[in-house]
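Colleague: Chains as they are written, first to last, in our numbering: chain E, 908 to 1214; chain Y, 3 to 370. The beta-carbon is built from N, C-alpha and C at its ideal position, and this holds for glycine as well. Mind looking over this structure? Questions follow.
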């Protein structure tokens, strides 16, 4: 029972990170119908920027409680600029090009970002500085520590904030309108380019937060960390129904839970034949199963086939 | 006059043919010894790209896990043409299985094709991007299994991979040796070059015939408009499955060749990045156009190598020393090249004439 609860906690923490990253994928997909393959690298860049800022600030003797939010802000700003730049350079000129062209530029951007990061931060793992005393708490025998609590709370807060922005503000209405029909939105006076840019920036800001969360949780950051994280988060977005914000959140949490429960129990189920090294298989098996039985994802609308 | 024109064309083809045959000697003379091997890999990549072109270019199904079929082919030969199985089943195969390459080749092709159908059957109802992500997941699953199937029964030897795979033999002559034909010495890499060239030509020929056939036209109809195609009486499900199977078979064949050539396979060679690379070749070259795809394959296989050989001397000339890690610099330049080419030629470097026409008329329609 303790193990079960522990896996649930781990899954929730991991799942909230997936959800934040998945939101970035799903927002861009909802509006442009494009898989932003470079999004995982934006997460990585956010983590690296935050870590560098944090180390520098602490080195100057700034108190950790001030340094953490400041470096988070810096990382978010950096990633927003990056997201804006990526859209401007690699996607906007190709908006009316064949469908696969932006996919290739996205792959190009992701290769560029990864290697730039390797040049700047090197190949080694960077340790996350110990800022706050990370106290463990016992809940029915399972352990959850402060950082994990902060991650879950922050993720929920950010998601709630995003929902408010999308459903209650003028900007959100414009975003939904562009997602619905770009041409019609333009005719109604929506500045489509501006809305798309802002969407990328919001997604990238969330990615920066997620990057910081991951590196704080594992205590590590690495130039290659964005790849698998991005892949899993995209899986989460598809699982929930891509283009659907609630779906991305649900998909992220579910994926985190499935992964940690699967990895925890696969040994027992298969009688020791398979171990937790098959953790990554779960994400993809679930994905395939969902798509086969419910191709539009859990919360996605059943889309009519495009003529 | 007409006759003269034909012979001119024929002459051109003949000259190209001779040039391609002499290619390994040309690279030896001009660039250095190591290049034939790189050209060999380029040939393998061309085969893969042509195979993927059937799925993506003709039938319009985005496949991001294509390298899995390459892996299936490679592991097929690695298991049945090396001492490895002796580890897993010492009683059954005391010194491993050593089937001939030419027996394994059709078997691997069939197996890969079967895998293609197996993957395709449940997923073909999905729309483009979903299909992409499912195939991506499939590719990753295959790779994870290869990485971990070394316990409790050591089937794939895990991340260490399988080594000491038998070389390809033609009429009893191993291609891992140096041969001399008509007084010309042919090292192993040259022999493999001609083998790969032959297979690449075969794959290109089959692709070409498929493209012009009823099946090919049906694929393209599905690509352009699936509903209209099915209304015209095309069995879209079977044809899409066929596209998957054909593409997978070509992938399996090149995988088998890869295992024989390399003598060693490990899961590292079958990462998602490789799938992406092959897809880039197809799209960058010009989807659905055989010449374009060959060009794309050649470029993307050779470009990173050229960059490898030029970034270090360039830095030394400019700064007097190597200040930026050459490996990341070369990948950085590669990424930039991908972006720039796509920005200026979104339909690929050498798109097929039909496709170019379609794109032009699309633009015209949009302007109206």
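Can you tell me which of the three DSSP states residue 92 of chain Y falls into?
Modeller: coil
Colleague: Take the Cβ of residue 145 of chain Y as the centre, count every other Cβ of all protein chains shown within 10 Å, and call the residue buried at 16 or more, exposed below.
Modeller: buried
Colleague: Determine contact between the segment 255-265 of chain Y and the segment 134-151 of chain Y, defined as no fewer than three beta-carbon pairs at a distance below 8 Å.
Modeller: no
Colleague: Quick one: give me the first and last residue of the beta strand (DSSP E) that residue 1049 of chain E is part of.
Modeller: It spans 1049-1052 - the beta strand (DSSP E) in which residue 1049 of chain E sits, taken as one unbroken run.
Colleague: Can you tell me which of the three DSSP states residue 1000 of chain E falls into?
Modeller: helix
Colleague: Which whole runs of the alpha helix (DSSP H) in the segment 47-131 of chain Y are 4 residues long or more, in chain order?
Modeller: 69-82, 87-90 and 103-125
Colleague: Return the residue from the list E:1131, E:1167 and E:971 that minimises the CA-CA distance to residue 1189 of chain E.
Modeller: E:1167
Colleague: What is the C-beta distance between residue 1144 of chain E and residue 933 of chain E, in whole angstroms, given that I count them as a contact (C-beta under 8 Å)?
Modeller: 4 Å
Colleague: If you reduce the DSSP assignment to three classes, tell me which class residue 176 of chain Y lands in.
Modeller: strand
Colleague: With H, G and I counted as helix, E and B as strand and the rest as coil, what does DSSP make of residue 1198 of chain E?
Modeller: helix
Colleague: Any beta carbon from chain Y within less than 9 Å of residue 1047 of chain E's own beta carbon?
Modeller: no
Colleague: When the distance is taken between beta carbons, is residue 1007 of chain E closer than 9 Å to residue 1 of chain Y?
Modeller: For chain Y, the structure presents residues 3 to 370; residue 1 of chain Y sits outside this window and is missing.
Colleague: In terms of residue numbering, what span does the alpha helix (DSSP H) encompassing residue 880 of chain E cover?
Modeller: Given that chain E is displayed from residue 908 to residue 1214, the structure contains no residue 880 of chain E and the question cannot be resolved.
Colleague: Three-state secondary structure (DSSP) at residue 181 of chain Y?
Modeller: Under the three-state reduction of DSSP, residue 181 of chain Y is assigned to strand.
Colleague: Closer than 6 Å by C-beta to residue 1115 of chain E: which residues in its own chain qualify, once you throw out the five before and the five after it? Chain order, please.
Modeller: 953, 982, 983 and 986
Colleague: Report buried or exposed for residue 372 of chain Y, applying the criterion of at least 16 other Cβ atoms within 10 angstroms of its Cβ.
Modeller: Any property of residue 372 of chain Y remains undetermined from this structure, which presents chain Y solely from 3 to 370.
Colleague: Determine the extent of the alpha helix (DSSP H) in which residue 1161 of chain E is found, giving its start and end residues.
Modeller: 1152-1176
Colleague: Under 8 Å, with one C-beta from each stretch per pair, do the segment 98-111 of chain Y and the segment 248-261 of chain Y reach the 3-pair mark?
Modeller: When Cβ pairs closer than 8 Å are counted between the two stretches, the segment 98-111 of chain Y is seen to touch the segment 248-261 of chain Y, the count reaching three or more.
Colleague: Since residue 171 of chain Y sits in a beta bridge, which residues does DSSP pair it with?
Modeller: Secondary-structure assignment with DSSP links residue 171 of chain Y through a beta bridge to Y:176.
Colleague: Give a yes or no on whether 9 Å exceeds the smallest Cβ distance from residue 282 of chain Y to chain E.
Modeller: yes
Colleague: Are the C-beta of residue 926 of chain E and some C-beta of chain Y separated by less than 9 Å?
Modeller: no
Colleague: Residues of chain E with a CB under 7 Å from the CB of residue 127 of chain Y: which are they?
Modeller: 1202
Colleague: Consider the Cβ of residue 289 of chain Y: report whether some Cβ of chain E lies at a distance smaller than 9 Å.
Modeller: yes
Colleague: At a threshold of 8 Å, does residue 150 of chain Y count as lining the ligand COA (C-beta to nearest heavy atom)?
Modeller: Of ligands this structure carries none, so the ligand COA is not represented either.
Colleague: Could you compute how far the alpha carbon of residue 1092 of chain E sits from the alpha carbon of residue 1080 of chain E?
Modeller: Approximately 10 Å between the Cα atoms of the pair.
Colleague: How would you write the range of the beta strand (DSSP E) that residue 186 of chain Y sits in, first residue to last?
Modeller: 186-188
Colleague: How big is the Cα-Cα spacing for residue 210 of chain Y and residue 293 of chain Y?
Modeller: 10 Å
Colleague: For residue 1134 of chain E, collect the residues of the same chain with a Cβ closer than 6 Å to its Cβ; drop the 5 residues on either side in sequence, then sort them by chain order.
Modeller: Sequence-distant partners of residue 1134 of chain E (beyond 5 residues in either direction) whose C-beta falls short of 6 Å from its own C-beta, in its chain, are 947.
Colleague: Just how far apart, CA to CA, sit residue 1197 of chain E and residue 1159 of chain E?
Modeller: 14 Å
Colleague: Taking only beta carbons into account, state which residues of the segment 327-354 of chain Y come closer than 7 Å to chain E, listed in chain order.
Modeller: For the segment 327-354 of chain Y, which is checked against every Cβ of chain E, the residues closer than 7 Å are 327, 330, 333, 334, 336, 337, 338, 340, 341, 344, 345, 348 and 349.
Colleague: Where does the unbroken alpha helix (DSSP H) through residue 306 of chain Y begin, and where does it stop?
Modeller: 292-321
Colleague: Return the residue from the list E:955, E:963, E:1000 and E:1011 that minimises the CA-CA distance to residue 1030 of chain E.
Modeller: The shortest CA-to-CA distance from residue 1030 of chain E to any of E:955, E:963, E:1000 and E:1011 is the one to E:955.
Colleague: For residue 1040 of chain E, does the three-state DSSP call read helix, strand or coil?
Modeller: Note: residue 1040 of chain E maps to coil in three-state DSSP.
Colleague: Which one of E:1127, E:1104, E:1165 and E:1177 has the shortest CA to CA distance from residue 1142 of chain E?
Modeller: E:1165
Colleague: Comparing C-alpha positions only, which one of E:967, E:993, E:929 and E:1110 sits nearest to residue 338 of chain Y?
Modeller: E:993
Colleague: Report the neighbours of residue 142 of chain Y on chain E: residues whose CB is nearer than 9 Å to its CB, in chain order.
Modeller: 1138, 1187, 1188, 1190 and 1191
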